[in-house]
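Engineer: The structure's right below; bear with me while I get my questions together.
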Amino acid sequence: MKNLEKKKNKGLKLNLTILILFAIHLFSILIAFKTKDFQVNKYPLARILDSYLVISLFFNPIALSSLVKKVIEIEEKNNMWQMQMSLGLKVQKILLDKIKNLSIKVFLLQIVEWLIIIFLASKNINFDLDMEIIKRIIIYFLTTLSINISMLLIFTIIEIKSKKIYFSLFFSIVGAMSGIITMLTSKVLSQINPFGLLATILNINYVKDGQVYTQTMNNINYITLLVSLIYIILSLIYITRLNKFTLSKDI
Numbered sequence: 139m140k141n142l143e144k145k146k147n148k149g150l151k152l153n154l155t156i157l158i159l160f161a162i163h164l165f166s167i168l169i170a171f172k173t174k175d176f177q178v179n180k181y182p183l184a185r186i187l188d189s190y191l192v193i194s195l196f197f198n199p200i201a202l203s204s205l206v207k208k209v210i211e212i213e214e215k216n217n218m219w220q221m222q223m224s225l226g227l228k229v230q231k232i233l234l235d236k237i238k239n240l241s242i243k244v245f246l247l248q249i250v251e252w253l254i255i256i257f258l259a260s261k262n263i264n265f266d267l268d269m270e271i272i273k274r275i276i277i278y279f280l281t282t283l284s285i286n287i288s289m290l291l292i293f294t295i296i297e298i299k300s301k302k303i304y305f306s307l308f309f310s311i312v313g314a315m316s317g318i319i320t321m322l323t324s325k326v327l328s329q330i331n332p333f334g335l336l337a338t339i340l341n342i343n344y345v346k347d348g349q350v351y352t353q354t355m356n357n358i359n360y361i362t363l364l365v366s367l368i369y370i371i372l373s374l375i376y377i378t379r380l381n382k383f384t385l386s387k388d389i
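Per this note's numbering: the sequence shown = residues 139 to 389.
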């Protein structure tokens, strides 16, 4: 069955979608790296990470929704759902396998991106990989990964429950916009909005000091990792207990 899943995904161009997302992320990373003041910035790693996180806040929901949509849609063609269920497979098991495969792809993408971020940050004279920075890297890497996986799960639920073919894509755009709005308006709403969680782990705070703004480092936010894990657990419970599925959609 693992080989069957790989064969089904071959023509979906999942890697192309991930490559496009990587290009967008890389663009945001290079923008931060190429700024005039980067070489003298006190917090080089935080500066690049924040640029990466802000861009991810908008583009990740849309890209992840697209990935989920592709792997679910393939099952709707040629009665793949019915064929696999006739072989004794449950819809829940099929969905969880798809989520696992997509999560691995996202994990590998993040590893590459974060290695690039750390490498570029190390070019700054103020970069110091002390224990506090290492802890921040580990916590925020895991947090970002958990947020992305939670969104994959949420979009899977939406895709399997919705009757409209483009609803999940529309929902992802609305979700991305809500993440930006909560980032600009409310820390509390950002902390509970699954599409606004990336905004809660921004590293640098800008404080006005007379006519200029000074940069200060925010404390490490451990709560967001917990919140994203809660979303993952709740979504997994919901998927495993699903009794009704929309196995075909209206155009």
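No residue lacks a Cβ here, since even glycine has one placed at the ideal position from N, Cα and C.
Take the Cβ of residue 226 as the centre, count every other Cβ of all protein chains shown within 10 Å, and call the residue buried at 16 or more, exposed below.
Structural biologist: If you draw a 10 Å sphere on the C-beta of residue 226, you find fewer than 16 other C-beta atoms in it, and that means exposed.
Engineer: Which first and last residues belong to the beta strand (DSSP E) in which residue 222 is found?
Structural biologist: For residue 222, there is no enclosing beta strand (DSSP E); the enclosing alpha helix (DSSP H) has its first and last residue at 218-224.
Engineer: Any chance the segment 359-367 sits against the segment 329-337, with 3 or more Cβ pairs inside 8 Å?
Structural biologist: Short answer: they touch.
Engineer: Tell whether a beta-carbon distance below 7 Å holds between residue 255 and residue 167.
Structural biologist: yes
Engineer: Could you tell me the alpha carbon to alpha carbon distance between residue 302 and residue 333, rounded to whole angstroms?
Structural biologist: Looking at the two C-alpha atoms, the distance is approximately 21 Å.
Engineer: Within 10 angstroms of the Cβ of residue 181, are there 16 or more other Cβ atoms? Answer buried if so, exposed if not.
Structural biologist: buried
Engineer: What separation, rounded to the nearest whole angstrom, lies between the Cα atoms of residue 253 and residue 221?
Structural biologist: 42 Å
Engineer: According to DSSP, what are the bridge partners of residue 369?
Structural biologist: DSSP, once it has assigned bridges, lists no residue as partnering residue 369.
Engineer: Does the segment 287-306 come close enough to the segment 204-212 that 3 or more CB-CB pairs lie under 8 Å?
Structural biologist: yes
Engineer: By the 10 Å Cβ neighbour count, where 16 or more other Cβ atoms means buried, how is residue 153 classified, buried or exposed?
Structural biologist: exposed
Engineer: In three-state terms, what does DSSP make of residue 353?
Structural biologist: When DSSP states are grouped into helix, strand and coil, residue 353 belongs to the strand group.
Engineer: Helix, strand or coil: which one does DSSP assign to residue 347?
Structural biologist: strand
Engineer: Does residue 210 come out as helix, strand or coil in the three-state DSSP assignment?
Structural biologist: helix
Engineer: Is it buried or exposed, residue 317, if we count other Cβ atoms within 10 angstroms and call 16 or more buried?
Structural biologist: buried
Engineer: In the DSSP output, what is residue 148 paired with across the bridge?
Structural biologist: According to DSSP, which records beta bridges pairwise, residue 148 is partnered with nothing at all.
Engineer: Where does the unbroken alpha helix (DSSP H) through residue 174 begin, and where does it stop?
Structural biologist: Neither: residue 174 is in no alpha helix (DSSP H) and is coded neither H nor E.
Engineer: Near residue 160, which residues of its chain fall below 8 Å by C-beta distance, leaving aside the five closest residues on each side in sequence?
Structural biologist: 247, 250, 251
Engineer: What do you get for residue 355, buried or exposed, if any count of 16 or more other CB atoms within 10 angstroms of its CB means buried?
Structural biologist: exposed
Engineer: Taking one C-beta from the segment 307-314 and one from the segment 186-205 each time, how about it: are there three or more such pairs within less than 8 Å?
Structural biologist: Flag = yes, the segment 307-314 and the segment 186-205 touch.
Engineer: Does the beta-carbon of residue 179 have 16 or more other beta-carbons within 10 angstroms, so that it is buried, or is it exposed?
Structural biologist: buried
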